[in-house]
Every structure is written in C-alpha cells, then in structure tokens.
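So the structure is just underneath, and the comments pick up after that.
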Amino acid sequence: MADVTYREALRLALDEELGRDEDVFLMGEEIGRFEGSYKVTAGLWQKYGANRVRETPISEEGFVGAGIGAAMMGLRPVIEIMTINFILVAMDQVINHAAKIRYMFGGKVGVPLVIRTPGGAGAQLTAQHSQSLEAWFAGCPGLKVVAPATPADAYGMLKTAIRDDDPVLFCENLVLYNLTGSLPENGDGLVPLGRAAIAREGTDLTLVAHSYTVQRALRVADRLSQDGISVEVVDLRSLRPLDVDTVAESVRKTNRVLVAEEGWSTYGVGAELAARLQRVCFDDLDAPVERVGQAEVPMPYAKPLELAALPLESKIEAAARSLLAECGL
Amino acid sequence: MPRLSDTMEQGTIGRWLKREGESFHEGDVIAEIETDKATMDFQAYEDGTMLRILVGDGESAALGAPIAIIGAEGEEVPADAPAAASTNGDGGRDNGAAEPEPAAEPEAKDEVPVATATEAAPADGGGLRASPIARRMADAGGLDLRTLAGKGTGPDGRIVKADVERALAGGVKPVPAAPDAPHAAPSPPSEGDEVRELTPMLKAVARRMAEAKATVPHFYVSSEIDMTRALELRAELNAALADSGEKVSVNDLIVRASAQALVQHPQAHRSYVDGHHVYHAHVHVGIAVALDDGLIVPVLRDADTKGVRQLAVETRDLVERARDGKLRQTEIEGGTFTVSNMGMFDVAAFSAIINPPESTILAVSSTVERAVVRDGAVVPRKIMSVTLSCDHRACSGADGARLLQTIKRHLEAPTLLLA
Chain S
4 MADVTYREAL
14 RLALDEELGR
24 DEDVFLMGEE
34 IGRFEGSYKV
44 TAGLWQKYGA
54 NRVRETPISE
64 EGFVGAGIGA
74 AMMGLRPVIE
84 IMTINFILVA
94 MDQVINHAAK
104 IRYMFGGKVG
114 VPLVIRTPGG
124 AGAQLTAQHS
134 QSLEAWFAGC
144 PGLKVVAPAT
154 PADAYGMLKT
164 AIRDDDPVLF
174 CENLVLYNLT
184 GSLPENGDGL
194 VPLGRAAIAR
204 EGTDLTLVAH
214 SYTVQRALRV
224 ADRLSQDGIS
234 VEVVDLRSLR
244 PLDVDTVAES
254 VRKTNRVLVA
264 EEGWSTYGVG
274 AELAARLQRV
284 CFDDLDAPVE
294 RVGQAEVPMP
304 YAKPLELAAL
314 PLESKIEAAA
324 RSLLAECGL
Chain G
5 MPRLSDTMEQ
15 GTIGRWLKRE
25 GESFHEGDVI
35 AEIETDKATM
45 DFQAYEDGTM
55 LRILVGDGES
65 AALGAPIAII
75 GAEGEEVPAD
85 APAAASTNGD
95 GGRDNGAAEP
105 EPAAEPEAKD
115 EVPVATATEA
125 APADGGGLRA
135 SPIARRMADA
145 GGLDLRTLAG
155 KGTGPDGRIV
165 KADVERALAG
175 GVKPVPAAPD
185 APHAAPSPPS
195 EGDEVRELTP
205 MLKAVARRMA
215 EAKATVPHFY
225 VSSEIDMTRA
235 LELRAELNAA
245 LADSGEKVSV
255 NDLIVRASAQ
265 ALVQHPQAHR
275 SYVDGHHVYH
285 AHVHVGIAVA
295 LDDGLIVPVL
305 RDADTKGVRQ
315 LAVETRDLVE
325 RARDGKLRQT
335 EIEGGTFTVS
345 NMGMFDVAAF
355 SAIINPPEST
365 ILAVSSTVER
375 AVVRDGAVVP
385 RKIMSVTLSC
395 DHRACSGADG
405 ARLLQTIKRH
415 LEAPTLLLA
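Following this line, the structure appears as structure tokens:
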C-alpha cells in the first residue's frame with residue numbers, strides 16, 4: 004500500500020470499524036458535514052449517515068456522558084474531543100464515570116468507549132490550547148491511555164482500542180497528522196495496547212518518547228550517530244498500561260536512559276519511568292535517569308518564547324550529550 | 005530461595021505462577037526457578053496464600069534468601085517481615101490485582117534491612133562513588149574498585165562504566181578471592197562488539213568446564229569403529245519398528261555399547277574423589293544435548309539394564325524436554341559416563357572435556373564411507389572416529405583403551421547389543 008498520512012490512517016481505521024461492526028458510532032463537534040476540525044472523519048457522514056456519525060453541540064460533558072451511557076448499553080462509541088484541552092470540562096465523566104464503572108458495578112458492566120483527541124503545541128495557540136495532558140490520565144486506574152507516533156500504529160491501535168471492552172483515551176497530535184508512513188501489507192494491522200516498540204536500535208543511550216516526541220527523538224538519534232553515538236529510541240505507544248519491560252530491556256543494554264516528552268516533566272511520563280527504572284534497572288545504570296519536558300510555565304504566545312518552552316530537538320540532544328558526558332562518552 | 009540443584013549458589017525467578025493474593029495447595033507449582041542447570045518447578049510445601057512477592061520475575065536471589073511471603077488468606081504481612089526486594093515491573097497495569105496489605109508496607113520499609121536481590125559487594129569499594137553498572141561490571145570482572153579511587157571520570161569523580169572498561173582492558177589484576185572469575189583479566193571488547201550477560205546455565209558450563217580442564221589430568225585414546233554392520237542392524241530395527249513410530253538412532257547403539265562395556269571394565273568406571281576411588285554401582289550415561297546457546301547433559305539411568313528400544317524412547321523424551329528447558333534436576337545429575345556425539349556436524353575428530361566427577365567421556369565423530377583393507381582386499385566400509393577422554397587419576401591408559409576396545413567390539417559385532 005502506498006504511504007498514507009497519520010490523518011488518513013485514522014480515517015481508514017474508523018471507516019473499517021464502522022463497516023465491520025454496527026455497534027460502532029462516532030460522536031463529536033463538527034465531525035459530520037464539516038468532517039471534523041482536522042478532517043479525520045472526512046467522508047464518513049456521507050457514507051454512514053447522521054445516525055452513526057453524530058454531530059453534537061459544544062458540550063463535552065454532555066456528549067462524553069452520552070457516550071458512556073451508550074457504551075454501558077452495549078454500543079461502541081468513538082468520541083472526538085476537538086483537542087485534549089477541551090476534555091477538561093468533561094473531566095468528571097472521564098475520571099469519575101468512564102474509569103470507575105466497571106469497578107463500581109462489580110465488573111458486571113463496562114464502558115467500551117474510545118475518546119480520540121489531539122494534543123501538542125507549536126502553532127502559537129498559547130497557554131489554553133497547547134497542552135499535552137495525557138500523563139494526567141495515565142495516572143488514573145480504569146483508563147487505558149495510548150499515544151501512537153506513526154501512521155501504522157495510529158491505524159492499528161485505533162482499531163484495537165475500538166474493539167477493547169474498556170475505556171481508551173486515544174491521544175493524537177496536531178503535528179503528526181501530516182506525517183506519512185506505510186501501513187502493513189498483510190494481516191489485520193491490529194497493534195496491541197500496552198506494548199512499546201523499538202523505533203531505532205542503539206547501544207549507548209536509551210531515549211524514550213511517545214507521540215510526536217518520538218519523531219524528534221529519531222532525528223536526535225540521527226544527529227548523534229554522526230558523532231559515533233548510538234542511540235536506541237523506544238516508542239512507548241501506550242502510557243497505561245506502561246510497558247516498563249521493553250524499556251528496562253533496552254536500559255540493560257545501554258546503561259543510560261533519557262525520557263523526553265512534550266508535557267511538563269513534573270509528575271510526568273519521565274517521572275513515572277524514572278521511578279520504575281531505578282527499581283528494576285538499578286544495577287544497570289551508569290548515570291541517573293534524565294528527562295526533558297516542556298518548560299514549567301503555561302505555554303507563552305510569543306514565538307521565541309514558545310520555542311524556548313518546547314522540548315525541541317536541540318534540548319533533547321543537549322540533555323543526551325550532557326548525560327553521556329557524565330559517563331565519559 | 006530453595007536449593008534445587010547441588011551446585012547452585014543462587015537462583016533466578018523465571019516467573020511466578022501465583023500472584024499476590026492468590027491461594028494454592030500443597031504441591032501446586034507456584035514459581036519456575038532457573039538454577040545454574042535447568043528451569044525447575046517450585047512446588048508449595050503446604051496450603052497457603054501468596055501475600056507478597058519479594059523477588060520478581062527475572063530476578064535473582066542467593067540461596068536461603070526470602071523470595072516471597074506466604075500465609076493464610078487475608079492474613080496481614082507483619083511489619084517486621086522482609087521488605088519487597090523488587091517490583092515486578094507491571095505494578096501499574098490495569099490487572100486489578102490489588103496488593104493485600106498496603107498499609108503494612110511503609111513501616112516495614114523503614115525499619116528492616118531491605119532484602120535486595122543483587123546487593124553490591126561492600127568489599128568492592130563500599131565508600132566509593134561509582135555508578136551501579138560500574139560496580140556490577142567490576143564485580144563480574146574481578147576488579148577491585150578501590151584501585152580506581154580518585155580516578156573516576158564522572159561527576160565529582162564518580163567511577164563510571166567507561167572507567168571500569170578501561171581498567172579491565174588495561175589488565176588490572178583480578179581480585180584473587182573472586183569465586184566467579186578464576187580466569188585471567190578479560191580482553192577488551194572491540195568497537196562494535198556486544199557484551200552480554202551469561203545465562204545461569206552458560207555460567208555453570210563456563211565454570212565447570214574451566215575447573216575440569218584446569219584440575220583433571222586428561223589423556224585421550226582414539227580409535228576407528230567400523231559401523232557398517234551396526235548401521236545395517238539399525239536399518240533392520242527401524243524397518244521392523246516402522247508401525248510403532250519408534251526409531252533407534254546410531255547414538256542409542258553407542259549408548260548401549262558403552263553401558264555394556266562399562267559394566268565389564270570397573271577400572272574405567274570409577275571416579276577419583278578426594279584421594280579415593282569411587283566404583284560406580286550403577287551405569288548412568290549422560291548424553292550431551294546442544295541447545296540454541298548452551299548445552300545440557302540429561303542422564304539415562306541404569307543404562308546397562310535397558311535395551312536399545314527403551315534407550316531410544318527415553319532419549320527422545322529427554323532431548324525434547326532439554327530443548328524446552330523442562331528437565332527435572334534429578335534428570336541432569338548423577339551421570340557416571342557421557343557420550344558427546346557430533347556426528348551430525350560432519351566432524352572428522354574431536355576430544356571432549358570430562359564432566360566431573362565422571363572420569364571418562366566419549367567423543368563421537370561422523371561416520372564416513374571409506375576404502376579399508378579387509379582380508380587383503382580393499383572394500384568400502386562405514387567408519388566412525390571416536391576419542392575417549394580419561395581422568396588419569398581414575399584410570400590408566402590401558403583401562404581407557406580396554407573400555408574403548410569393548411565399545412568397538414560391541415558396535416562391530418552388533419548382535420552383542422541385543423544380548
């Protein structure tokens with residue numbers, strides 16, 4: 004198959020799942036006639052009709068709640084939240100209901116719901132519209148949280164998420180939508196949740212990332228390789244369940260680890276990995292676990308300040324070099 | 005950590021089969037433990053409930069170290085119990101398995117020494133600043149970290165992996181007492197080389213073979229065996245057994261011949277142990293089985309009492325389970341003789357290292373069709389080259405030669421194998 008964009012990979016997954024299972028339906032703001040703010044649902048309203056591609060008012064708490072109810076009754080809703088920033092008004096539904104219901108009803112009823120939502124920064128959308136909040140949700144038992152970084156994973160993990168019997172927060176990224184890549188030629192293309200992938204093999208340093216930061220990490224690995232430094236890039240793909248085993252296996256090989264993420268480092272993905280790795284890889288480490296994230300400020304509007312706040316490749320590279328310098332490399 | 009093999013000094017948890025909160029009955033397998041030789045099932049000694057796992061999957065612990073706390077269902081882990089040695093790496097997954105007694109944990113952590121799975125040896129630079137991997141590599145390489153004091157290149161003089169690599173490459177003298185490193189300083193890895201930890205089995209093989217070659221005075225006796233008739237016999241047997249699915253291999257015939265010969269030559273069937281000769285009452289023949297990366301020697305017990313069919317059936321079972329890592333400890337110990345057969349690899353000749361406390365091992369090479377002289381005429385015969393390695397403390401050259409002669413006689417007149 005020819006290369007497709009991340010956006011098209013998502014659209015294809017939705018189209019195929021809508022076609023495969025009558026219980027699957029979409030819900031969100033402007034996802035029908037307008038085809039979604041980022042065109043992920045292009046053509047689906049025309050193909051499946053307004054019953055299965057449902058437009059909603061600007062009322063996240065209401066339509067996430069409606070999705071939870073539909074899921075409890077056996078349907079498989081896929082809800083689009085325009086960006087992850089807007090999920091905050093539906094927080095009670097996500098955390099207090101979707102994540103809790105299977106537990107509070109003794110396992111008798113689950114919530115097979117997918118919430119798709121993009122995050123990310125870099126387009127001067129300023130403090131309220133530039134956030135990467137996935138780590139908050141990854142700290143909540145009862146939710147699965149995934150953040151694919153390639154078109155193939157976007158396609159395969161969205162299909163798996165829709166077929167999952169529990170709520171999945173499916174984190175996309177605004178910058179990734181135009182990334183192109185190939186989809187698998189054979190098989191169903193399903194990608195399991197909860198498994199990290201080695202995006203690039205290396206021996207000197209393990210660089211862990213998720214979502215768009217994986218693409219940054221790969222470019223950093225390219226640059227460092229020109230200086231003879233071999234970086235292994237681990238794409239987490241899922242934040243909850245978190246595949247510590249794959250990261251640990253890599254760290255046992257490289258003895259050094261840097262975690263990069265677009266969200267804030269404090270209480271972030273890197274914080275969680277550092278805690279897990281210092282336990283399972285203590286005797287393998289040649290230096291403390293290092294992390295790079297967004298500056299600890301609300302995202303500024305001014306372009307120079309926005310660039311200064313983002314965990315750009317230059318910052319990841321500098322952190323990698325500094326960590327390796329501590330180890331005499 | 006239970007002692008599941010005579011030579012193990014530590015064990016590695018392959019995986020836990022009972023998770024925290026799960027109950028079990030006496031005899032249930034609750035974990036798989038990798039010893040230096042095999043992966044063994046660890047059975048519960050009594051009924052109970054898994055309260056807390058201290059040594060997680062893939063982690064190691066010394067003999068006798070606590071690996072888990074069991075008790076009655078709902079019982080609280082006492083505050084003075086050993087604290088968790090490790091997390092198992094997936095504590096945050098949505099598997100719904102809650103820890104039974106979270107409240108007891110914080111006190112326990114503060115008040116008792118933590119039973120870590122891999123404690124750094126304090127003698128290797130207790131007060132030194134060194135990264136954990138640097139400590140571990142120094143330990144494994146027999147390097148006394150104190151020799152690097154003040155020479156670390158990390159922050160504030162921390163000794164890092166690169167410092168240890170340089171020191172080991174420079175041939176720093178090994179610490180004499182390091183038990184796992186009786187060999188010379190390792191040569192430095194070159195650019196692009198990959199350095200890997202040995203599995204417990206490979207460690208055991210390395211240690212035992214180095215010991216054997218260094219302490220057992222080997223001598224070697226070689227011969228050529230005409231296998232023409234043995235191969236005819238085998239073909240005849242297999243044709244007759246075709247319906248049963250049984251199959252007799254050349255190796256089974258060699259094991260049979262060896263077992264018969266060992267009974268006849270007690271001086272080649274004894275071990276030298278602490279200044280004494282131990283004459284073996286039973287013939288237990290080990291067969292070396294190559295694994296993807298490693299080797300193991302399952303033992304055919306009382307091989308002299310078994311016919312070739314039974315030897316074939318038992319061998320096939322042992323080899324299959326050896327490759328699956330499913331041999332029991334009792335199946336890989338107690339050998340009194342070993343057959344190492346590399347016939348399938350087109351080998352002209354080789355000599356094997358004795359597997360102590362055994363005193364002999366037979367190295368079997370490939371059978372090839374050759375022109376030989378029989379009764380003044382040149383005829384084609386199927387010839388197999390063999391070499392017997394002997395421990396000179398246990399047997400003389402003549403003892404070894406006689407044993408080999410009998411093995412040869414039985415294979416060349418193979419109806420004796422059926423006697």
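As you go down the protein sequences, you meet chains S and G in turn.
The numbering used here runs 3 ahead of the 1-based position in the first sequence.
The numbering used here runs 4 ahead of the 1-based position in the second sequence.
From the three backbone atoms N, C-alpha and C, an ideal C-beta is built for every residue, glycine too.
Next item on the list: With DSSP as the reference, label Q281 (chain S) as helix, strand or coil.
Entry: The three-state reading of DSSP puts Q281 (chain S) in helix, counting H, G and I together.
Notebook entry, point to check: Can the beta-carbon of M175 (chain S) be found closer than 9 Å to that of S214 (chain S)?
Noted result: With the sequence shown as reference, residue 175 (chain S) is identified as Glu, and Met is not the correct amino acid for it. Contact annotation: E175 (chain S) and S214 (chain S) have beta-carbon atoms nearer than 9 Å.
Margin query: Can you confirm whether R140 (chain G), when its beta carbon is compared against all beta carbons of chain S, has any partner nearer than 9 Å?
Written below: At least one chain S Cβ lies under 9 Å of R140 (chain G).
Margin query: Mapping the DSSP letters down to three states, classify N345 (chain G) as helix, strand or coil.
Written below: Strand.
Next item on the list: Determine, using beta carbons only, whether G60 (chain G) comes closer than 9 Å to chain S.
Entry: It does: the Cβ of G60 (chain G) has a partner Cβ on chain S nearer than 9 Å.
Next item on the list: Assuming Q47 (chain G) contacts D32 (chain G) (C-beta within less than 8 Å), just tell me the rounded distance between them.
Entry: The Cβ separation is near 7 Å, so the contact holds.
Check: Can you check whether the CB of K50 (chain S) is closer than 9 Å to the CB of D18 (chain S)?
Finding: Contact: yes.
Check: Using the rule of at least 16 other Cβ atoms within 10 Å of the residue's Cβ for burial, across every protein chain shown, is V220 (chain G) buried or exposed?
Finding: Buried, because 16 or more other Cβ atoms sit within 10 Å of the Cβ of V220 (chain G).
Notebook entry, point to check: A166 (chain G) CB to nearest chain S CB: under 9 Å?
Noted result: By the rule that beta-carbons nearer than 9 Å mark a contact, A166 (chain G) touches chain S.
Check: Between which two residues does the alpha helix (DSSP H) containing G159 (chain S) stretch?
Finding: Membership of G159 (chain S) in the alpha helix (DSSP H) is indicated by the continuous run 154 to 166.
Next item on the list: At 7 Å on the CB atoms, spell out the chain G contacts of N258 (chain S), in chain order.
Entry: Simply I137, K165.
Item checked: Option in S:L116, S:V97, S:M94, S:A150 with minimal Cα separation from M30 (chain S) -> Nearest neighbour of M30 (chain S) by Cα position, chosen from S:L116, S:V97, S:M94, S:A150, turns out to be S:L116.
Check: How long is the line joining the alpha carbons of Q281 (chain S) and V292 (chain S), rounded to whole angstroms?
Finding: Whole-angstrom Cα-Cα distance: 8 Å.
Next item on the list: Using a cut-off of 8 Å between C-beta atoms, extract the partners of T157 (chain G) located in chain S.
Entry: For T157 (chain G), the chain S residues whose Cβ falls inside 8 Å of its Cβ are G331, in order along the chain.
Notebook entry, point to check: What is the rounded straight-line gap between the Cα of V114 (chain S) and the Cα of A138 (chain S)?
Noted result: Cα to Cα, V114 (chain S) sits roughly 21 Å from A138 (chain S).
Check: What are the residues that DSSP puts in a beta bridge with P121 (chain S)?
Finding: Partner(s): S:E175.
Notebook entry, point to check: Quick one: Cα of Y41 (chain S) to Cα of A155 (chain S), how far?
Noted result: Going by the C-alpha atoms only, they are around 19 Å apart.
Margin query: Check whether chain G comes within 9 Å of V283 (chain S), counting only Cβ atoms and requiring the distance to be less than that.
Written below: Output row for V283 (chain S): interface = yes.
Check: Alpha carbon to alpha carbon, how far is E105 (chain G) from W20 (chain G)?
Finding: For E105 (chain G), the predicted model reports a pLDDT of 43, less than 50, meaning its position is unreliable and no value from the coordinates is stated.
Note to self: Relative to the C-alpha of T39 (chain G), which candidate in G:M205, G:E80, G:D84 has its C-alpha closest?
What the structure shows: Nearest option by C-alpha distance: G:M205.
Next item on the list: Put F108 (chain S) into one of helix, strand or coil per three-state DSSP.
Entry: Reduced to three states, the DSSP call for F108 (chain S) is coil.
Note to self: Quick check: what's the CA-CA separation for S226 (chain G) versus Q409 (chain G)?
What the structure shows: Cα to Cα, S226 (chain G) sits roughly 10 Å from Q409 (chain G).
Note to self: Does D26 (chain S) come out as helix, strand or coil in the three-state DSSP assignment?
What the structure shows: DSSP places D26 (chain S) in coil when its eight states are reduced to three.
Next item on the list: Name, please, each residue of chain G whose Cβ falls closer than 8 Å to the Cβ of A290 (chain S).
Entry: Here the neighbours are S135, G158, V164.
Notebook entry, point to check: Can the beta-carbon of L392 (chain G) be found less than 9 Å from the beta-carbon of T364 (chain G)?
Noted result: Less than 9 Å divides the Cβ of L392 (chain G) from the Cβ of T364 (chain G).
Item checked: Status (buried if at least 16 other CB within 10 Å, exposed otherwise) for A181 (chain G) -> At A181 (chain G) the pLDDT is 41, less than 50, meaning the model places this residue with poor confidence; the figure from the coordinates comes in the next sentence. Its Cβ having fewer than 16 others within 10 Å, A181 (chain G) is exposed.
Checklist line | Whole-angstrom distance between V247 (chain S) and N258 (chain S), CA atom to CA atom | finding: Straight-line Cα distance between these residues: approximately 15 Å.
Next item on the list: Go through the segment 19 to 101 of chain S residue by residue and report every complete run of the alpha helix (DSSP H) that reaches 4 residues or more, in order.
Entry: Unbroken alpha helix (DSSP H) stretches of 4 residues or longer found wholly inside the segment 19 to 101 of chain S: 47 to 51, 63 to 75, given in chain order.
Checklist line | Euclidean distance between Cα positions of D225 (chain S) and I232 (chain S) | finding: For D225 (chain S) and I232 (chain S), the distance between alpha carbons rounds to 9 Å.
Next item on the list: Taking the CB atoms as reference points, tell me whether S344 (chain G) and V368 (chain G) lie closer together than 9 Å.
Entry: At the C-beta level, S344 (chain G) and V368 (chain G) come within 9 Å of one another.
Next item on the list: Taking C-beta pairs closer than 8 Å, name the residues in chain G that D287 (chain S) reaches, listed in chain order.
Entry: Within chain G, the C-beta atoms nearer than 8 Å to that of D287 (chain S) come from P136, I137, R140, in chain order.
Next item on the list: Report the rounded CA-to-CA distance for I34 (chain G) versus Q268 (chain G), giving the unit in angstroms.
Entry: For I34 (chain G) and Q268 (chain G), the distance between alpha carbons rounds to 45 Å.
Margin query: Quick check: the segment 87 to 107 of chain S against the segment 60 to 70 of chain S, are at least 3 beta-carbon pairs closer than 8 Å?
Written below: Flag = yes, the segment 60 to 70 of chain S and the segment 87 to 107 of chain S touch.
Next item on the list: Kindly provide the ranges of any beta strand (DSSP E) runs that are 3 or more residues long and lie completely inside the segment 189 to 247 of chain S, ordered along the chain.
Entry: You should have 200 to 203, 208 to 212, 234 to 238, 241 to 243.
Checklist line | As assigned by DSSP and simplified to three states, the class of R378 (chain G) | finding: Note: R378 (chain G) maps to strand in three-state DSSP.
Next item on the list: Grab me the residues of Y283 (chain G)'s own chain with a C-beta within less than 8 Å of its C-beta, minus the 5 sequence neighbours each way, in chain order.
Entry: Here the set comprises P270, H273, R274.
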